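K.L.:
308 is the number that UniProt numbering gives the last residue of the sequence shown; the numbers go up by one with no jumps.
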Amino acid sequence: MKVLLLGYGNVGKAFVELLRENQLNVKVVGAFKRGGLVAPLGGEEKAVEIEKGLEQLSPDVLVDVSSPNYVNGEPSVSAYLEAFKRGIHVITANKAPLALKFGEILDEARKRKASLGFQATVMSGVPSVNLRRVLPALKVYELRGILNGTTNYILSKMHDGLSFDQALKEAQEQGFAEPDPTLDVNGFDSAAKLTILANVYFGCRKSIKDVRFSGIEHIDFSEVGRWRNEGLKPKLVAKASRSELRVSVEALTRNDPLYHVDGVTNGLLIRTDIQDIFISGPGAGPKRAAYGILSDLLIISSGQSIEF
Ligand SMILES: NC(=O)c1ccc[n+]([C@@H]2O[C@H](COP(=O)([O-])OP(=O)(O)OC[C@H]3O[C@@H](n4cnc5c(N)ncnc54)[C@H](OP(=O)(O)O)[C@@H]3O)[C@@H](O)[C@H]2O)c1
């Protein structure tokens, strides 16, 4: 199988390393970076347009590990549509295109009978998205998740007695928060992930514009203390039903499975007509995201299609 990368940063490199470790019969033919195409990897960057690169290298799969662009999803959205036109499958770790234009992208993939894999966009290698494939016929009522490790780490530390600023500083020192944590702290990142999960589990065509979200930046220190005294814990909960998508801070009781999801861990509770299902695990890290991509690649290379 031939793979072409869009982006070659932390996750792209971890993915190439994971392929090597697993000795898979997959050839990475090149990677697009900001300045152009590097093909083969390790060579010089050349000013080649994505469309031309797809034409020249004719990969079986385009793997998007580029930075998210929440303005219009480019260059990823155009790259996917060009790939599908040529029957090339797409696997992405980049949330932005799907949070903005899920319906348009998925419809085009279907029309061209190409697969679109995106396990790595939500909870990285923990199968939040791909779990749906093995739960046929279940009627899903509600999704509730802790989908952002940075905010969960900060809230966990605030529950332990730190102020927001102290907890954020500690998260940055530990490498759990970006130097500019705005999109995590204000709930946007959770909203993007919730959009993707809602589309998968409810078969709808929502965009991030349909999510009402707020973040953790205005959480009052003394209120967290009051909640602690009442046995409650604050969590940034991303919640989806068929009628509403919402991200907001909730004070949870001990009998809620999400209460026990602490630190950078993520969790997802899926409520269905037959049973409730709860999964949790680390939601980030280049190797884990690379595993999410690899799991999609192995589904595609086994001849199965990824359909939602
Ligand atoms: N890191 C994680 O734990 C994790 C987990 C799940 C999902 N993700 C997602 O995976 C993606 C990659 O993350 P990362 O940590 O590997 O990021 P990163 O280290 O910053 O790498 C981003 C790569 O994207 C390339 N890029 C940016 N804009 C581009 C453009 N317009 N055209 C072509 N290439 C472009 C960059 O090119 P240059 O090399 O030229 O700068 C770089 O190679 C992101 O969408 C992220 O949200 C990350």
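The beta-carbon is built from N, C-alpha and C at its ideal position, and this holds for glycine as well.
None of these values were measured; they are calculated from a predicted model.
Nearest CA to the CA of E55: which residue from S241, A120, F84?
P.N.:
When each option's Cα is compared against that of E55, the closest is F84.
K.L.:
Taking DSSP as the reference, what is the three-state secondary structure of Y259?
P.N.:
helix
K.L.:
Less than 6 Å between the CB of S67 and some heavy atom of ligand 1, yes or no?
P.N.:
yes
K.L.:
Measuring only from the beta carbon, is S214 closer than 6 Å to any heavy atom that is part of ligand 1?
P.N.:
Incorrect: S214 has no Cβ contact closer than 6 Å to ligand 1.
K.L.:
Nearer than 6 Å: is that true of the beta carbon of G7 relative to any heavy atom of ligand 1?
P.N.:
yes
K.L.:
The alpha helix (DSSP H) spanning V224 covers which residue range?
P.N.:
It spans 221-229 - the alpha helix (DSSP H) in which V224 sits, taken as one unbroken run.
K.L.:
Looking at the secondary structure, which residues open and close the beta strand (DSSP E) in which I91 lies?
P.N.:
89-92
K.L.:
For L81, report the span of its alpha helix (DSSP H) as first-last.
P.N.:
76-85
K.L.:
Does the distance between the C-beta of A83 and the nearest non-hydrogen atom of ligand 1 fall short of 6 Å?
P.N.:
no
K.L.:
Taking its Cβ as the centre, do 16 or more other Cβ atoms sit within 10 Å of E108, making it buried, or is it exposed?
P.N.:
buried
K.L.:
Name the residue from S76, L131, G225 whose alpha carbon lies nearest to the alpha carbon of L197.
P.N.:
L131
K.L.:
For R242, collect the residues of the same chain with a Cβ closer than 7 Å to its Cβ; drop the 5 residues on either side in sequence, then sort them by chain order.
P.N.:
F202
K.L.:
Could you tell me which residues DSSP pairs with L135 in its beta bridges?
P.N.:
Per DSSP, none; premise fails for L135.
K.L.:
Considering only heavy atoms of ligand 1, does any lie closer than 6 Å to the CB of A251?
P.N.:
no
K.L.:
Using 8 Å for Cβ pairs, my map puts I270 next to V140. What's the rounded Cβ distance?
P.N.:
6 Å
K.L.:
Give the DSSP-derived three-state secondary structure of D160 in the structure shown.
P.N.:
coil
K.L.:
Could you compute how far the alpha carbon of S190 sits from the alpha carbon of L147?
P.N.:
6 Å
K.L.:
Leaving out the 5 sequence neighbours to the left and right, which residues in its chain are closer than 6 Å to A96 when beta-carbon positions are compared?
P.N.:
P68, N69, Y70, G73
K.L.:
Per DSSP, N266 forms a beta bridge with which residues?
P.N.:
For N266, which the question treats as bridged, DSSP gives the partners G281.
K.L.:
Quick check: is any heavy atom of ligand 1 less than 6 Å from the C-beta of A290?
P.N.:
no
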